[in-house]
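Line order of the protein sequences matches chains A and B. Under the working numbering, the first sequence has 218 at position 218, and the numbering climbs by one with no breaks. The number in the working numbering is simply the position in the second sequence, starting from 1, with 250 added. Built from N, CA and C at the ideal position, the CB exists for glycine as well. For reference, the structure discussed in these notes is given below.
Protein chains: 2
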Amino acid sequence: MAQAASPPPAVRNPLGQSRYGGIASALRERILSGEWAPGSAIPAESALAQSYGVALGTVRQAIALLVEDGLLERQQGKGTFVSAGLAGASMLRFFRFRSREAGAEAPASRIVARRARPAEPVERAVFGLAPGAQVIQLERVRSFGTEPCLVETVVLPLPLFGALVDSDPDDWGDLLYPLYQQRCGVLIHQAEDIVSFAQLGAMQARRLRLEAGHPCAVVRRRAFDRSGRCVELRTTRGDAFAFEYTAHVR
Amino acid sequence: MAQAASPPPAVRNPLGQSRYGGIASALRERILSGEWAPGSAIPAESALAQSYGVALGTVRQAIALLVEDGLLERQQGKGTFVSAGLAGASMLRFFRFRSREAGAEAPASRIVARRARPAEPVERAVFGLAPGAQVIQLERVRSFGTEPCLVETVVLPLPLFGALVDSDPDDWGDLLYPLYQQRCGVLIHQAEDIVSFAQLGAMQARRLRLEAGHPCAVVRRRAFDRSGRCVELRTTRGDAFAFEYTAHVR
DNA sequence: CAGTGGTCTAGACCACCGC
DNA sequence: CGGTGGTCTAGACCACTGG
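Structure follows, in structure tokens:
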């Protein structure tokens, strides 16, 4: 019995879904809607249990689902917090450059090109864009000190990232993901990388101060926001001999 | 039932560990000891709860831990089963060769060398071997049809894999992990891969029908059994330009 | 200290499976 | 149908965090 008073806030559960599943969905929507900012705490389990009219354990199962999704994080004795998303320089995990000693790890970033253009069919598909929609394409060089180490091509769907068109890239800082969040309200939540090897083209080689045809590691990334939409396509290239990637299998 | 009365079977919990943690450890030991064969069912949750003298929910939490570890698998309405370990061509789940479309089939395997030798210091360390202990080293070529695509060097601690010394490699089949399990009772449970880039040596190049110095992708794998011991070191090399590796980021 | 999440209990009923 | 895991309840106490 018990759904308590009468209408618990928008949880229609017995539709093929468990009650905690319904509560998880409801919480997910409230998180994505921005009701609780990333990094802030959601109400206590006991409060949620009461407001949804369920037992504590049920709300705990709902939260467990969202924790597994990476949307929430628990902290014993403190509370349950909205995840702050993928932080900084995750791309550098893949590359080991000798400039590893110094404390300041993130290499500097320089935008060398930016333009808007019509989305290609593949891009329309992954971004879910209508025919005729546009994308922003960025070319970017990352360097340790005076030494360039990575070149990147970044493609973003225009409707979402329009704020980037009008601002000065020199003000963007070294990391894109925090920029996405602050300027465009887009929080990168997870990504899929495909690693392969190729040879540098003339332009890329010049930017990296290597010869054309030099072996390079290529990381093609699709990045997703918290709702699972793909919101960024990125291709990163760097010296193959400086590349190393660690993965855990099951 | 039985053990109920007073002393639950060997669960010393209030020592920094939760009760379900203690039960999980106890179950882990019983699984690793072979009390229940891989693929078979463990006792029902209710039976375990009774025999350990705890509530159902507690045993469920213990089982959840082992499921997360990959040691157990639940099946609704049927039971909880001991995991059968990393199945067949797990190596190829994560990297593949573009020359092959749709081909989910494992490439054929040919052992081209096998010898026992003293373990090097690094190997003694990762395998936990005593000074003077030996290892088996295998050289292996994997091919699609008549076309070789991968060369592998596999190093195994001898005490565990002695059964492989006396048998004929032609009888081994294309996959090593099932062989380990059937001949040596070793079940590979998880692994760590390190991907990097190098150039082929003369011998490797000849086996792959490429020129020496040709760019190659290198995957160094450490594989672990269910108790977390490292039981295999493997280095796989193949044409860098046919290589592709997929990884999920958080 | 009060508030949070973490652990645990002893029940109940449901959904699924195989016979 | 009986047995399994899956969901849910309404309590209780513990361990950690912060003021």
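Nearest-angstrom Cα separation, counted from residue j out to residue i
i, j, result
"residue 373 of chain B", "residue 400 of chain B", "23 angstroms"
"residue 78 of chain A", "residue 281 of chain B", "36 angstroms"
"residue 383 of chain B", "residue 199 of chain A", "44 angstroms"
"residue 103 of chain A", "residue 217 of chain A", "Any reading at residue 103 of chain A must be qualified, since the residue scores a pLDDT of 45, below 50, and its modelled position is unreliable; no value is offered."
"residue 99 of chain A", "residue 236 of chain A", "Because the pLDDT at residue 99 of chain A is just 45, under 50, the model does not fix this residue reliably, and the point stays unresolved."
"residue 116 of chain A", "residue 137 of chain A", "6 angstroms"
"residue 226 of chain B", "residue 498 of chain B", "In the structure displayed, chain B extends from 251 to 500; residue 226 of chain B sits before or after that span and is not available."
"residue 451 of chain B", "residue 434 of chain B", "32 angstroms"
"residue 368 of chain B", "residue 478 of chain B", "23 angstroms"
"residue 502 of chain B", "residue 292 of chain B", "Past the edges of chain B, shown from 251 to 500, lies residue 502 of chain B, and the structure says nothing about it."
"residue 253 of chain B", "residue 285 of chain B", "Per-residue confidence for residue 253 of chain B stands at a pLDDT of 38, beneath the threshold of 50, marking its modelled position as unreliable; no derived number is given."
"residue 474 of chain B", "residue 26 of chain A", "40 angstroms"
"residue 163 of chain A", "residue 173 of chain A", "15 angstroms"
"residue 409 of chain B", "residue 289 of chain B", "26 angstroms"
"residue 396 of chain B", "residue 456 of chain B", "14 angstroms"
"residue 389 of chain B", "residue 415 of chain B", "14 angstroms"
"residue 52 of chain A", "residue 310 of chain B", "25 angstroms"
"residue 461 of chain B", "residue 211 of chain A", "21 angstroms"
"residue 370 of chain B", "residue 69 of chain A", "43 angstroms"
"residue 47 of chain A", "residue 175 of chain A", "37 angstroms"
Sub-8 angstroms separation of residue i and residue j beta-carbons
i, j, result
"residue 20 of chain A", "residue 58 of chain A", "yes"
"residue 148 of chain A", "residue 234 of chain A", "no"
"residue 245 of chain A", "residue 376 of chain B", "no"
"residue 393 of chain B", "residue 363 of chain B", "no"
"residue 385 of chain B", "residue 405 of chain B", "yes"
"residue 193 of chain A", "residue 219 of chain A", "yes"
"residue 67 of chain A", "residue 23 of chain A", "no"
"residue 312 of chain B", "residue 306 of chain B", "no"
"residue 191 of chain A", "residue 226 of chain A", "no"
"residue 28 of chain A", "residue 86 of chain A", "no"
"residue 197 of chain A", "residue 447 of chain B", "yes"
Per-residue contacts from residue i into chain A (C-beta, under 9 angstroms)
i, result
"residue 465 of chain B", "197, 199, 215, 240"
Buried versus exposed, by CB contacts within 10 Å (16 or more), residue i
i, result
"residue 168 of chain A", "exposed"
"residue 7 of chain A", "Note on residue 7 of chain A: pLDDT 37, under 50, position unreliable in the model; the coordinate value appears next. Exposed, by the Cβ-count rule."
"residue 439 of chain B", "buried"
"residue 333 of chain B", "buried"
"residue 215 of chain A", "buried"
"residue 204 of chain A", "buried"
"residue 171 of chain A", "exposed"
"residue 250 of chain A", "exposed"
"residue 213 of chain A", "exposed"
"residue 232 of chain A", "buried"
"residue 101 of chain A", "Summary for residue 101 of chain A: the model assigns pLDDT 47, below 50, so the residue's position carries little reliability, and this model does not support an answer."
Among the options, the one whose alpha carbon lies nearest that of residue i
i, options, result
"residue 111 of chain A", "A/153, A/117, A/119, A/76", "A/153"
"residue 437 of chain B", "B/283, B/272, B/274", "B/283"
"residue 128 of chain A", "A/25, A/230, A/22, A/237", "A/230"
"residue 181 of chain A", "A/24, A/25, A/37, A/216", "A/37"
"residue 252 of chain A", "A/157, A/109, A/142, A/107", "This structure cannot settle anything about residue 252 of chain A, because the visible part of chain A is limited to 1 through 250."
"residue 74 of chain A", "A/53, A/52, A/45, A/50", "A/45"
"residue 345 of chain B", "B/413, B/500, B/492", "B/492"
"residue 356 of chain B", "B/412, B/478, B/427, B/461", "B/427"
"residue 268 of chain B", "B/297, B/315, B/285, B/301", "B/315"
Closer than 8 angstroms at the beta carbon, the chain A residues around residue i
i, result
"residue 320 of chain B", "250"
Contact list for residue i against chain B, beta-carbon separation under 9 angstroms
i, result
"residue 246 of chain A", "442, 443, 444, 445"
"residue 86 of chain A", "499, 500"
Neighbour list for residue i in chain A, Cβ cutoff strictly below 7 angstroms
i, result
"residue 493 of chain B", "196, 197"
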